[in-house]
Amino acid sequence: MPTILTEHMVHNATQVADRLHQALVSVLQLPSVQGRRAATLATELNVGRMTCQRITKLGKRPADAPPPGPRLLGELPGVNGLRQFLDALARTGTPSAQLGEAREAVEAFDAFLRTIDLSQTAFASALRLHDAAVDPQQLRDRRSQLFGAASAVTGQSADVTVSMMAIRPNDQANFNFEQIAVRGYAGMRASGSAMPIRLPINMAYSDYRNVTGDEAAREPQQLVESFCTTPLPSIDSRVIKEQHLAHLVNPEHIPTGEPFDCFATQHNQWNINAPGPHKAIWLYVDYPTRHCTFDLYLHHTIAAHNVVSADCHLWGTSLLAPPEDLWMTRFADPVEFTRLGTGTRGCASSAYARHQELTEHMFQSHDWPADEFVGFRCEMELPVWRSGLCLILEQQGT
């Protein structure tokens, strides 16, 4: 089983490596060493040529280069090789005082390996696994591979998945919250797939309890035709689980694999009893998508008493655990969370050129004043298919 390095281990390794690097570079500047090729040193010191090559390589780094970091511990000779090199310098006349810091750095290297109970080779292998788990580019590359595989399996993919909604208090007798929303895809492709393309409603939770259809009065979705591809995709009007739950898109007018855009809007009213201090709204990644943007606009009277955060989770590892159980379902790759500010002035997105225009349309088409709302955004490039982006509201008092 591979060893998993903790951040504390990597931090300590970095300190050990930086100290070794500094000490050995100083040794390479001594008159008995400076300017000599590895082969020459190996002959003069009677030390292995590979040992000398690994050490003298440090002297070839640019002076302004950043420290090599913990990887150095896997690139240098082992502890015994470093000791042999320093002992040979001492035997050939280098004063012990000039080697003192290097010897102490080597002993610190030895103590570090003993502390984590790994050989130098095992540490280097574990460090490669650690880097693969935390390096942003490697994480992106793996998600890109997942995107390609999921697209091939499902026969569907989108350039952008967009979900946006606004929520405000409702003072009607039967409802206490009101919502408008837009959901859709830009650059959706479908080829040879039997799976329907849905425009679903985001799931909402109140104190870990699913807000059910009985608590919501949902009006039928309406296509936002000015943002859809022409000719418009056809809509299957069948009822699935609940009336008006989601549109099903049949891209029968779109050539196979040809990208198309499709967005729908909806108005809902909620009657949520005892909503509680913890609320969450989820955007599930139904289709492989290159970019996902989820915007939530809260009426200023709601935003003033809630702290909003974002997360990305595995969808449905356990039906018994609340969705916000971070220790159980959270992905290591964080979503990008942004406070958009008041109104729609700061809501443009590089992922979808018409994002701000679409947001303004959502407010204007329902005659809601955008300047009464504060926006929050979570987004992710190449989210894992069938994961969920979550915006969490924690009430902070009245």
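All residue numbers for the sequence shown refer to the numbering used here, where the first residue is 3 and numbers rise by one.
Ideal placement from N, C-alpha and C gives every residue a C-beta, glycine not left out.
Which of helix, strand or coil DSSP assigns to residue i
{"i": "A276", "result": "coil"}
{"i": "H246", "result": "Bear in mind that a pLDDT of 48 at H246, under 50, signals an unreliable position, so the number given afterwards is only what the model happens to contain. Three-state DSSP puts H246 in coil, outside helix and strand."}
{"i": "N82", "result": "helix"}
{"i": "R347", "result": "coil"}
{"i": "R21", "result": "helix"}
{"i": "T117", "result": "helix"}
{"i": "A152", "result": "helix"}
{"i": "R220", "result": "strand"}
{"i": "N270", "result": "strand"}
{"i": "F262", "result": "strand"}
{"i": "D313", "result": "strand"}
{"i": "L321", "result": "Reliability of the predicted coordinates at L321 is poor, the pLDDT of 42 falling under 50, and the value obtained from them is presented with this limitation in mind. Three-state result, L321: coil."}
{"i": "V337", "result": "coil"}
{"i": "E254", "result": "coil"}
{"i": "I6", "result": "coil"}
{"i": "A282", "result": "strand"}
{"i": "L342", "result": "strand"}
{"i": "L225", "result": "strand"}
{"i": "A2", "result": "Only positions 3 to 400 of the chain appear in the structure, and residue 2 is not among them; the question remains open."}
{"i": "R63", "result": "coil"}
{"i": "N176", "result": "coil"}
{"i": "A90", "result": "helix"}
{"i": "A401", "result": "For residue 401 there is no data in the structure shown, the boundaries of the chain being 3 and 400."}
{"i": "S34", "result": "coil"}
{"i": "S236", "result": "strand"}
Distance CB(residue i)-CB(residue j) smaller than 8 Å
{"i": "Q268", "j": "E217", "result": "no"}
{"i": "L7", "j": "A128", "result": "yes"}
{"i": "F177", "j": "C230", "result": "no"}
{"i": "A44", "j": "C54", "result": "yes"}
{"i": "V386", "j": "F333", "result": "yes"}
{"i": "V213", "j": "I304", "result": "no"}
{"i": "A124", "j": "V162", "result": "no"}
{"i": "L88", "j": "A104", "result": "yes"}
{"i": "T258", "j": "A160", "result": "no"}
{"i": "S165", "j": "K281", "result": "no"}
{"i": "V136", "j": "M364", "result": "no"}
{"i": "L316", "j": "S389", "result": "yes"}
{"i": "N204", "j": "W284", "result": "yes"}
Run of the alpha helix (DSSP H) containing residue i, from where it starts to where it stops
{"i": "P202", "result": "It is not in any alpha helix (DSSP H) - P202 instead sits in the beta strand (DSSP E) that spans 199-202."}
{"i": "C230", "result": "Here C230 belongs to no alpha helix (DSSP H), and DSSP marks it neither H nor E."}
{"i": "H357", "result": "357-367"}
{"i": "I57", "result": "51-58"}
{"i": "E77", "result": "74-77"}
{"i": "S127", "result": "122-136"}
{"i": "A40", "result": "40-47"}
Buried or exposed by the 16-neighbour rule on C-beta atoms within 10 Å, applied to residue i
{"i": "L131", "result": "exposed"}
{"i": "A134", "result": "exposed"}
{"i": "A306", "result": "exposed"}
{"i": "D2", "result": "No answer is possible for residue 2: the residues shown for the chain start at 3 and end at 400."}
{"i": "T361", "result": "buried"}
{"i": "H13", "result": "exposed"}
{"i": "L321", "result": "Legend: pLDDT at L321 = 42, less than 50; position of this residue unreliable, value from coordinates given subsequently. It counts as exposed."}
{"i": "Q122", "result": "buried"}
{"i": "H293", "result": "buried"}
{"i": "T117", "result": "exposed"}
{"i": "S153", "result": "buried"}
{"i": "M52", "result": "exposed"}
{"i": "E260", "result": "exposed"}
Start and end residues, beta strand (DSSP E) containing residue i
{"i": "V164", "result": "158-171"}
{"i": "L297", "result": "In the sequence as displayed, the identity of residue 297 is Asp instead of Leu. It spans 291-301 - the beta strand (DSSP E) in which D297 sits, taken as one unbroken run."}
{"i": "A306", "result": "That residue, A306, is in no beta strand (DSSP E); it is neither H nor E in DSSP."}
{"i": "Q181", "result": "179-192"}
{"i": "E396", "result": "389-397"}
{"i": "E381", "result": "375-383"}
message = Whether or not the region 363-380 and the region 287-304 are in contact is what I'm after, with contact meaning three or more pairs of Cβ atoms, one per stretch, closer than 8 Å; do they touch?
response = yes
(Q) I'd like to know if the region 97-113 and the region 44-60 are in contact, where contact means that at least 3 CB-CB pairs between them fall below 8 Å. (A) no
Inter-stretch contact at 8 Å, needing at least 3 Cβ pairs: the region 334-343 / the region 307-314: yes
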